[in-house]
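Take a look at the structure set out below.
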Amino acid sequence: MINSIALRSLLIFSLAIFVAAPCHAEKKEDELVTLNFVNADIQEVIRAISQISKKNFLVDPRVKGTINIVSATPVSPALGYDILLSALRLQGYAAVESNGVTQIIPEAEAKQHIDSLAQGRGDKLVTHVFVLKYESASQLVNVVRPMISPNSVVVAYPASNALVVTDYASSVRRIDKLIDSIDQPSADAPIVIPVKHASAVDLANIINRLMPEAAASQSGGDDNQRFVLLADSRTNGLLLRSGNPGRIARVKELVTKLDSAANTPGNIHVVQLKNADATKLAQTLRSVLSGETAPPAAPSTVPQSAGVATSSTGMIQADPSSNALIVTASEPIYNNLRSVIDKLDVRRPQIFVEALIVEVTADKAAEFGVQWQNLVGASKSGAHIIGGTNFGSVASGNNIIDAANNLSTVNQGLNIGIVNGTTTIPGVGTVLNLGMLARALETDTNANILSEPNLMTLDNEEAKIVVGQNVPFITGQYAQTGSATTATPFQTIERKDVGLTLKIKPQIMQGGTVKLQIYQEVSSVLPSSSSSTSGLITNKRSIESNILVDDNQIVVLGGLIQDSVNDVQSKTPLLGDIPILGSLFRYDTRQHTKTNLMVFIRPYIMYQQNSYQQLTDNFYEQMNKKREDARMPDHWILPNDDKDKSLPPLPEKPVSAASSTEAASAPAAAPTQSASAPVAASPPDRLPQP
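Residue numbers (mature numbering (1 follows the signal peptide of the UniProt record, and there is no 0)): -25 to -1, 1 to 665.
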């Protein structure tokens, strides 16, 4: 209690000095006060500063403690106010101005009470928005955060590339100076160099060849060594980016020397193509010239070469031997044509198509029947008695009459017959007296045919694969009229491919979707027709369709599910209907066939060369593994002599200096593949097998 009374007395004494001082000073000195607070209560000090600075304070009840403020020389009321804010900051309290009232609250909650964006001074909490012009706000957050107070906030707003900082005014001023020094234009900002006479594309190629460090600097390194030179065919200008002023001056000097008017008249230019076909591209450009610059001409009787395109403003001729275009046109038209050529002369992606053809066939058949025959020799009257049942044809091998003449014609299965010697039939000869022939047969056939054709082709180019035989088909015969011989002098034959055929034409659509024009055929020669005089019979299964499928997605083209049931019964009237005994006068044939045929396909787009190499390596390893699996095991009688005949590994492609130079000298303005194109990381997995 005594200490509190003494503290209040000391505070009143200090204020008395403050109030009495102006009475003996000039007007300018009336504004100066001397502060002397030792272990003073924070509430009392705030009350005293409020009277001096004429400011209103709102003190949070949690603001408690003592404070020490001592000034050796008189200070102004405004400076006394700032000294109070600094002293409160040391105690963990902050001052927030709002609507003419200064709130004294704990520092941790101060940022929630700032209701305006202001630029203050001293140790007052403020919020400032820094709008950046060159640098990224998200990246600058990590630079600013170590400079703010522990309870302050710095937030990046990427939408407007702004940085929001809530901190004491003194810290905000330091951050402002830091951002001003960082948010500056980059030293290697792009520079536009106009070209008047020459072609910007040609100049870019020449300069990139003279300065090969341009290609090397794009892979990384020091920022001052980065050097990029591109050509803008639309404006016929060069875009240069480099952090080295000496290199920039060197490029500008080269452009000035090379960009000069031609000494000899003429507008003949040679454009060397890298990917496109010169003849086809010349025809395309001819259509562009005739459609844009030349009116429709009258039909001419003089044929024009497909590789030459002429119009009133220029001529384009293709040189197939060097795959180059010879363009004769004025500079403006040539620059427009060069822009079109560069966009068309790009490396097209390739598409690997993998197909899976599955055919599963199950065939079950059963036959049982009894045939009777009675061959009686000549009677006294010379008549022969012949009779019996015959339920089979000669071709089927179930004919009892043909079996009596030749037992080798009896078909497979269980055959039981009764033979009673031989008999002679006029006009036929001597045959076996085969009285009865019973036959029983049951077959169960299962077939699983799996074909995996695959092939690779360029975008929008047709590809075809045929695996099979080239079979001759007789289409006509010629024989001389009235000739006694039956031999034909000659026959006309047409050969056709029989086997597996896959023909595709892929086209890459927007978003990585592939449009496929597909024709798939599986054919085979029916074995039983090879000896037929009417010609060969082929089994054919084909699908022709146009589909859209996403990259690396499996789609089913179509198929056939067939279930066939045949039940044939041949019998003798009346006798075949007798229960139990009727089976001796019947021939039953039952057959149940199921066929399941499905065709699956999957395209895979490959944009980069490493995808081709990985795909090749995978298939090569698979072929080597299948060869190892198919190797015959060792045997002591028949030794295996192909142990050391495995496939050699694929040779690695050497990286030569010529390839690096070629990459460095590539046209800088050549368009590249769209950035949205997927990059193939690995070759596709094989299609799942049933």
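No residue lacks a Cβ here, since even glycine has one placed at the ideal position from N, Cα and C.
Between residue 6 and residue 47, what straight-line distance do the alpha-carbon atoms span, to the nearest angstrom?
16 Å
Considering only their Cβ atoms, is the gap separating residue 536 from residue 575 smaller than 8 Å?
no
Under the three-state reduction of DSSP, which class applies to residue 40: helix, strand or coil?
coil
Runs of alpha helix (DSSP H) wholly within the segment 122 to 169 (minimum 4 residues, chain order):
144 to 157
If you pair each beta-carbon of the segment 542 to 559 with each one of the segment 308 to 325, do three or more pairs fall below 8 Å?
no
Using only the heavy atoms of the ligand ADP, determine whether one of them is closer than 7 Å to the beta carbon of residue 439.
Because no ligand of any kind appears in the structure shown, any question about the ligand ADP cannot be addressed here.
Expected contact under 8 Å - CB spacing of residue 563 and residue 327 to nearest Å:
In fact, because the Cβ distance is near 53 Å, the residues do not count as touching under 8 Å.
Taking residue 420 as the reference, give the member of 340, 559, 144 with the closest Cα.
340
Starting from residue 184 and walking both ways along the alpha helix (DSSP H), at which residues does that stretch end?
175 to 185
Nearest CA to the CA of residue 218: which residue from 19, 261, 166?
166
Using a beta-carbon distance below 8 Å, is residue 8 in contact with chain D?
Looking at the structure shown, chain D is missing, and only one protein chain is on hand.
Rounded to the nearest angstrom, what separates residue 480 and residue 212 at their Cα positions?
39 Å
Roughly how many angstroms lie between the CA atoms of residue 579 and residue 427, to the nearest whole one?
15 Å
Which one of 79, 159, 131, 526 has the shortest CA to CA distance from residue 116?
131
Please state whether the Cβ-Cβ distance between residue 123 and residue 142 is less than 8 Å.
yes
Quick one: which unbroken alpha helix (DSSP H) runs of 4-plus residues sit fully inside the segment 7 to 75? Chain order, please.
17 to 28, 52 to 65
Just to check my reading of the structure: residue 416 and residue 392 have Cβ atoms closer than 8 Å, yes? What is that Cβ distance to the nearest angstrom?
That belief does not hold up - the Cβ atoms of residue 416 and residue 392 are roughly 15 Å apart, past 8 Å.
Could you compute how far the alpha carbon of residue 346 sits from the alpha carbon of residue 412?
5 Å
Under the three-state DSSP convention, the category residue 636 falls into
Confidence at residue 636 is low in this model, with a pLDDT of 40, below 50, so its placement is unreliable and the value that follows should be read with caution. The answer is helix: DSSP assigns residue 636 an H, G or I state.
Return the first residue and the last residue of the beta strand (DSSP E) that residue 586 is part of.
It is not in any beta strand (DSSP E) - residue 586 instead sits in the alpha helix (DSSP H) that spans 584 to 604.
Distance check for residue 140 and residue 105, CA to CA, integer angstroms please.
8 Å
Residue from 66, 210, 385, 20 whose Cα sits closest to the Cα of residue 172:
210
Is the distance from the Cβ of residue 62 to the Cβ of residue 44 below 8 Å?
yes
Measuring straight from C-alpha to C-alpha, what distance separates residue 9 and residue 52?
10 Å
Going by C-alpha to C-alpha distance, which of 450, 447, 430 sits closest to residue 441?
430
On a Cα-Cα basis, can you pick out the residue from 230, 295, 16 that is closest to residue 185?
230
Tell me, please, which residues DSSP counts as bridged to residue 330.
576
Could you check where the beta strand (DSSP E) with residue 207 kicks off and where it finishes?
202 to 207
For residue 257, which option in 108, 291, 73, 138 has the closest C-alpha, if you only look at C-alpha atoms?
291
Roughly how many angstroms separate the alpha carbons of residue 227 and residue 176, rounded to a whole number?
15 Å
Cβ atoms of residue 151 and residue 248: under 8 Å apart, would you say?
no
Which term fits residue 466, buried or exposed, when burial requires 16 or more other beta carbons within 10 angstroms of its beta carbon?
exposed
Sort 136, 567, 109 by Cα distance to residue 540 and report the nearest one.
567
Assign residue 59 to one of two classes, buried (16 or more other C-beta atoms within 10 Å of its C-beta) or exposed (fewer than that).
buried
Restricting to Cα atoms, I'd like to know which of 308, 108, 30 is closest to residue 74.
30
Give the DSSP-derived three-state secondary structure of residue 392 in the structure shown.
strand
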